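I have placed the structure first, in the form of structure tokens, so that the comments after it can refer back to it.
Numbering (UniProt numbering), first residue to last: 1 to 481.
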């Protein structure tokens with residue numbers, strides 16, 4: 001009797017579980033979904049993506065599935081149904097469909113952390129933010145104001161590094177970039193806490209693929225705590241600026257001043273919106289740059305001949321300036337000097353190509369998409385994987401080799417669909433030129449005034465974001481005159 005009672009309870013539960021698992025593995029679709037596996041219920045295939053890979057190559061999660069299913073495949077990550085795309089033609093089409101078939105989207109963890117409802121700007125709001133960034137960090141501002149300030153700030157930071165026995169390169173570079181952007185966006189002079197804020201931002205990407213569950217010990221919980229520390233600082237600065245009178249404003253060219261001024265006429269500009277947008281810009285402004293600089297220094301350390309070629313280019317720039325300037329008069333870099341850094345630009349592009357800092361560019365499907373006989377349903381997400389394109393041997397010969405000279409002969413047609421270090425389509429990063437200028441000036445100051453010695457670490461890993469398994473420390477010394 002008891003066995004029968006237990007069976008009457010267990011049987012419906014078993015049937016329900018089987019039906020649930022079947023539906024999980026076979027999602028509803030009006031046609032045929034791309035091939036792939038949805039993995040385990042709820043977990044999906046998230047754990048496979050989080051496995052640390054000790055290589056600069058495409059993360060095994062993507063590489064193995066691309067080999068098995070092709071450039072388009074379905075999966076489930078962090079509780080979300082996703083189609084992964086390594087198809088350059090489809091990606092190009094996708095980025096042209098912003099607002100028609102897809103919209104910008106973050107993983108659910110990021111949506112909660114970054115308040116997607118306030119930061120995933122579209123239409124007019126996106127245009128406003130893009131204009132704001134270009135106005136303060138675009139080419140014209142770089143030419144006439146930021147270039148000499150960048151050179152001074154970088155030299156000051158390197159002077160500090162000389163005084164230290166060794167420097168954790170990525171973390172210290174992130175702190176330098178944060179300090180500069182914070183000063184020019186908020187007129188904020190970071191105190192001793194600046195490195196801590198930069199570190200909190202730098203470690204924030206750990207939660208990219210995390211489940212959005214706020215439980216102590218989880219990656220999402222740690223990211224939320226880090227975010228709160230930074231948000232508190234930014235929110236306080238925004239509030240202080242909002243409460244200050246116009247005559248008390250620090251600078252008419254200040255990024256935050258412009259936002260506060262525009263709050264009078266733009267209804268979407270609230271304190272919360274401004275705070276989270278500034279947080280997002282800080283995050284975007286240095287994560288790619290600090291990782292790419294660290295990777296470039298690693299490769300230059302490993303290839304002395306390339307370092308010599310880079311140094312010679314910058315010495316030639318200085319020699320030309322000495323000939324053109326009045327004797328005894330020191331003159332900083334100008335825009336024409338930056339534009340003449342051809343090999344430097346190749347080094348930066350090659351470092352960006354190999355770095356692939358973010359594992360993917362995300363879009364959410366707002367209308368069923370038909371592609372290659374498959375359907376990607378409304379409500380699903382699509383992840384474009386830059387590494388699959390930028391490490392593609394059909395686009396880049398011997399793709400895992402650091403070879404800046406390859407950029408001499410690469411045409412725009414090849415890079416248009418296979419190089420997306422700063423995103424794609426209308427959402428291409430507005431601060432891309434600023435980031436490249438910062439990297440170029442950093443390399444210029446470093447190779448002309450200083451020399452460095454690799455101390456320890458430097459082993460590249462992907463988990464799935466780019467990192468260094470045991471850090472990467474260097475010792476910096478001034479060059480003798």
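Note that beta-carbon positions come from the ideal geometry of N, C-alpha and C, so glycine has one too. Note that the structure is a prediction, hence the values are computed from the model and not measured.
Please classify residue i as buried or exposed, where buried requires at least 16 neighbouring CB atoms within 10 angstroms.
i: residue 268; result: exposed
i: residue 324; result: exposed
i: residue 524; result: Outside the modelled stretch of the chain, which goes from 1 to 481, sits residue 524, for which no answer is possible.
i: residue 313; result: buried
i: residue 412; result: exposed
i: residue 164; result: exposed
i: residue 469; result: exposed
i: residue 242; result: exposed
i: residue 476; result: buried
i: residue 480; result: exposed
i: residue 87; result: buried
i: residue 453; result: exposed
i: residue 304; result: exposed
Write down the C-beta distance between residue i and residue j rounded to the nearest angstrom, noting that I regard them as a contact closer than 8 Å.
i: residue 389; j: residue 420; result: 7 Å
i: residue 434; j: residue 282; result: The pair is not a contact, with the Cβ atoms about 13 Å apart (cut-off 8 Å).
i: residue 151; j: residue 332; result: 5 Å
i: residue 291; j: residue 170; result: 6 Å
i: residue 310; j: residue 147; result: Contact doesn't hold; Cβ gap of about 19 Å is too wide.
i: residue 72; j: residue 372; result: 7 Å
i: residue 406; j: residue 396; result: 7 Å
Per DSSP, what kind of secondary structure is residue i in: helix, strand or coil?
i: residue 221; result: helix
i: residue 30; result: coil
i: residue 284; result: helix
i: residue 164; result: coil
i: residue 72; result: strand
i: residue 82; result: strand
i: residue 305; result: helix
i: residue 77; result: strand
i: residue 452; result: strand
i: residue 468; result: strand
i: residue 384; result: strand
i: residue 425; result: helix
i: residue 475; result: strand
i: residue 188; result: coil
i: residue 182; result: helix
i: residue 487; result: For residue 487 there is no data in the structure shown, the boundaries of the chain being 1 and 481.
i: residue 355; result: helix
i: residue 259; result: helix
i: residue 58; result: coil
i: residue 45; result: coil
i: residue 447; result: helix
i: residue 125; result: helix
i: residue 53; result: strand
i: residue 215; result: coil
i: residue 103; result: strand
In angstroms, rounded to a whole number, what distance separates the CA positions of residue i and residue j?
i: residue 79; j: residue 429; result: 28 Å
i: residue 47; j: residue 344; result: 38 Å
i: residue 91; j: residue 85; result: 7 Å
i: residue 38; j: residue 461; result: 26 Å
i: residue 54; j: residue 459; result: 8 Å
i: residue 132; j: residue 255; result: 8 Å
i: residue 184; j: residue 437; result: 15 Å
i: residue 359; j: residue 466; result: 8 Å
i: residue 280; j: residue 189; result: 19 Å
i: residue 40; j: residue 375; result: 22 Å
i: residue 265; j: residue 272; result: 16 Å
i: residue 474; j: residue 158; result: 12 Å
i: residue 298; j: residue 100; result: 42 Å
i: residue 441; j: residue 339; result: 11 Å
i: residue 51; j: residue 77; result: 13 Å
i: residue 68; j: residue 238; result: 50 Å
i: residue 141; j: residue 149; result: 11 Å
i: residue 105; j: residue 89; result: 21 Å
i: residue 66; j: residue 102; result: 23 Å
i: residue 259; j: residue 36; result: 45 Å
i: residue 168; j: residue 472; result: 6 Å
i: residue 379; j: residue 33; result: 13 Å
i: residue 451; j: residue 322; result: 22 Å
i: residue 231; j: residue 223; result: 12 Å
Looking only at its chain, what residues have a beta carbon closer than 6 Å to the beta carbon of residue i, apart from the 5 residues adjacent to it on each side?
i: residue 337; result: 317
i: residue 235; result: 275
i: residue 353; result: 390
i: residue 31; result: 375
i: residue 59; result: 53, 462, 464
i: residue 61; result: 48, 49
Might you give, ordered along the chain, the residues of its own chain that have their beta carbon closer than 7 Å to the beta carbon of residue i, omitting 5 neighbours on each side?
i: residue 143; result: 335
Apart from the five residues just before and just after residue i, which ones in its own chain have a Cβ nearer than 8 Å to its Cβ?
i: residue 300; result: 306, 307, 310, 347
i: residue 181; result: 281, 282, 285, 286
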